[in-house]
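If you count the sequence shown from 1, position 264 lands on 270 in the numbering used here, and the numbers rise without skipping. Beta carbons are placed, not taken as given, at the ideal position from N, Cα and C, and that holds for glycine. All figures in this text were calculated on a predicted structure; none of them were measured in a lab. Following: one structure in structure tokens, then a few remarks.
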Amino acid sequence: MSLNNPSSFGKHFGFFRFGTLIAFIFAAWLLFSSYDEAGNGTTFIQGRPVPNTKITNAICLSKTSLKLEWLPKNNIDGYILVIKDKDGETLKRKKIDGANVTSCVVDHMMYRKVYRFNIACYRKRITDIKKGEFASEDYRTKLKVTDRYEHGYKYFYDWDGNRLTDTLEFVNDKSDFEIRTNIKACVTTVYAKDGDRGYTIPVKVWLSSPSGSNTVSGVWQLGAKYRYRPLFYGTNSQWAVRIHDEILFHTTPYNNYGDNNSLDPAEYNKLGTAASHGCIRMQCEAVKWIFDNCDNKTTVVIYEDDNPGALGKPELEEIEDWHTWDPTDPTATDLCKERGCHQIPVISVK
Ligand SMILES: [Zn+2]
Numbered sequence: 007m008s009l010n011n012p013s014s015f016g017k018h019f020g021f022f023r024f025g026t027l028i029a030f031i032f033a034a035w036l037l038f039s040s041y042d043e044a045g046n047g048t049t050f051i052q053g054r055p056v057p058n059t060k061i062t063n064a065i066c067l068s069k070t071s072l073k074l075e076w077l078p079k080n081n082i083d084g085y086i087l088v089i090k091d092k093d094g095e096t097l098k099r100k101k102i103d104g105a106n107v108t109s110c111v112v113d114h115m116m117y118r119k120v121y122r123f124n125i126a127c128y129r130k131r132i133t134d135i136k137k138g139e140f141a142s143e144d145y146r147t148k149l150k151v152t153d154r155y156e157h158g159y160k161y162f163y164d165w166d167g168n169r170l171t172d173t174l175e176f177v178n179d180k181s182d183f184e185i186r187t188n189i190k191a192c193v194t195t196v197y198a199k200d201g202d203r204g205y206t207i208p209v210k211v212w213l214s215s216p217s218g219s220n221t222v223s224g225v226w227q228l229g230a231k232y233r234y235r236p237l238f239y240g241t242n243s244q245w246a247v248r249i250h251d252e253i254l255f256h257t258t259p260y261n262n263y264g265d266n267n268s269l270d271p272a273e274y275n276k277l278g279t280a281a282s283h284g285c286i287r288m289q290c291e292a293v294k295w296i297f298d299n300c301d302n303k304t305t306v307v308i309y310e311d312d313n314p315g316a317l318g319k320p321e322l323e324e325i326e327d328w329h330t331w332d333p334t335d336p337t338a339t340d341l342c343k344e345r346g347c348h349q350i351p352v353i354s355v356k
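Right, here's the structure in full:
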């Protein structure tokens, strides 16, 4: 998508393609309302918004920071960067003095959160506040990465040298995977195919809860998928995919069928330890990803090893006992937003 193409901007954001939005977009919003701002003896008078200064580039420096660049404007005194969330709520405003300044670094952003940016121009005692617009492509397609082969795997690193653990965007073939669940380390890693090298590109890693003894090693192919699925002892799963026989990938247990706000937090907090009756429990995000992206017949390898897998073992962020929904559940983001418990960014601008 061109950065400066309004029709492409509208096409992408006008219809709120949430699937894409979730995929780590940093986006901007062309405001059709203007605002007043006063401070330091400078008065801004509301005027007709004119699309003017354009953000020309967003260079991802790491998972949580990016550099914005924009076109300079003449006859102004500086710029105002406005950072909004995807619903248009303002998270931060930053005044940037000087017409010659054409970039800034935004950091401490929340990974995977959607942002909108806009650069307004200001002039002392002016009558117009001029608005800019920007729409970035998917964050990951703009992230500068380097890849390296190590220990037989292909890894990706960001600008800061951090090894990335969610790397599907950099893989050519996004349709052919192997899922490997290590029931000793309680970790599931997804590997994509690297041509003749086989399934050697780790693209996803999730905490898992198998059973202490009822989950057995072996190689299977994925079977039936369920949007909701009753489990043992009157509990329920959102999303489930059969591995073999009565063994499924499913979410941590919910008390009520079809109710995303009836999760048992204590069971959720056991993720990464053996806790199930035989199935492989994972977060909603993980099971839903398999549900959405893996064909029936995708190979599932269940094995035991001290080494968790190519991407190590993630840490669990435990939830409180009032948090009766899975913080990774894309259908429950409003609950987190109401409480302010997850996905609240703290942003700074340099
Ligand atoms: Zn939350």
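Confirm the yes/no value for this check: CB of residue i, any heavy atom of ligand 1, distance under 8 Å.
i: Cys290; result: no
Using CA atoms only, rank isn't needed, just tell me which of the options is closest to residue i.
i: Tyr163; options: Asp251, Ile207 and Ser282; result: Ile207
i: Ala126; options: Cys285, Lys190 and Leu87; result: Leu87
i: Thr334; options: Ala281, Ala64 and Pro271; result: Pro271
i: Thr194; options: Glu310, Pro336 and Thr70; result: Glu310
i: Asp327; options: Ser268, Ala292 and Asn302; result: Ser268
i: Thr187; options: Asp332, Arg287, Asn242 and Lys60; result: Arg287
i: Leu228; options: Asp182, Arg118 and Trp212; result: Asp182
i: Ser243; options: Leu277, Ile325, Phe255 and Ser217; result: Phe255
i: Tyr263; options: Arg235, Ala338, Gly84 and Ile185; result: Arg235
i: Lys100; options: Lys90, Gly94 and Tyr117; result: Lys90
i: Arg154; options: Asp200, Ile102, Asn302 and Lys119; result: Asp200
i: Ala64; options: Lys180, Asp312 and Cys110; result: Cys110
i: Ser71; options: Val211, Gly94 and Trp165; result: Trp165
So, with DSSP's three-state summary, where would you put residue i?
i: Lys210; result: strand
i: Thr337; result: coil
i: Ala292; result: helix
i: Ala246; result: strand
i: Tyr117; result: coil
i: Asp103; result: strand
i: Ala272; result: helix
i: Cys127; result: strand
i: Gly84; result: strand
i: Tyr263; result: coil
i: Leu74; result: strand
i: Gly318; result: coil
i: Lys60; result: strand
i: Glu252; result: coil
i: Gly224; result: strand
i: Lys150; result: coil
i: Ser68; result: strand
i: Leu97; result: strand
i: Asn188; result: strand
i: Asp91; result: strand
i: Cys342; result: helix
i: Glu175; result: helix
Is the beta carbon of residue i within less than 8 Å of some heavy atom of ligand 3?
i: Asp113; result: The model on display carries ligand 1 but not ligand 3.
State the CB to CB distance for the pair residue i and residue j, rounded to an integer number of angstroms; the pair is presumed to be in contact (CB under 8 Å).
i: Thr171; j: Leu317; result: 5 Å
i: Val196; j: Val209; result: 5 Å
i: Thr337; j: Asn266; result: 5 Å
i: Val247; j: Val293; result: 7 Å
i: Phe123; j: Leu74; result: 6 Å
i: Lys79; j: Thr59; result: 5 Å
i: Glu273; j: Ala281; result: 7 Å
i: Gly278; j: Leu237; result: That pair is no contact at about 19 Å.
Would residue i pass as an interface residue toward chain D - the criterion being a Cβ-Cβ separation below 9 Å?
i: Asp270; result: In summary, chain D is missing from the structure at hand, where a single protein chain is found.
Run the Cβ filter for me: residues under 5 Å from any heavy atom of ligand 1, listed in the order they occur in the chain. Per the Cβ criterion, the list is Pro333, Cys342, Cys347 and His348.
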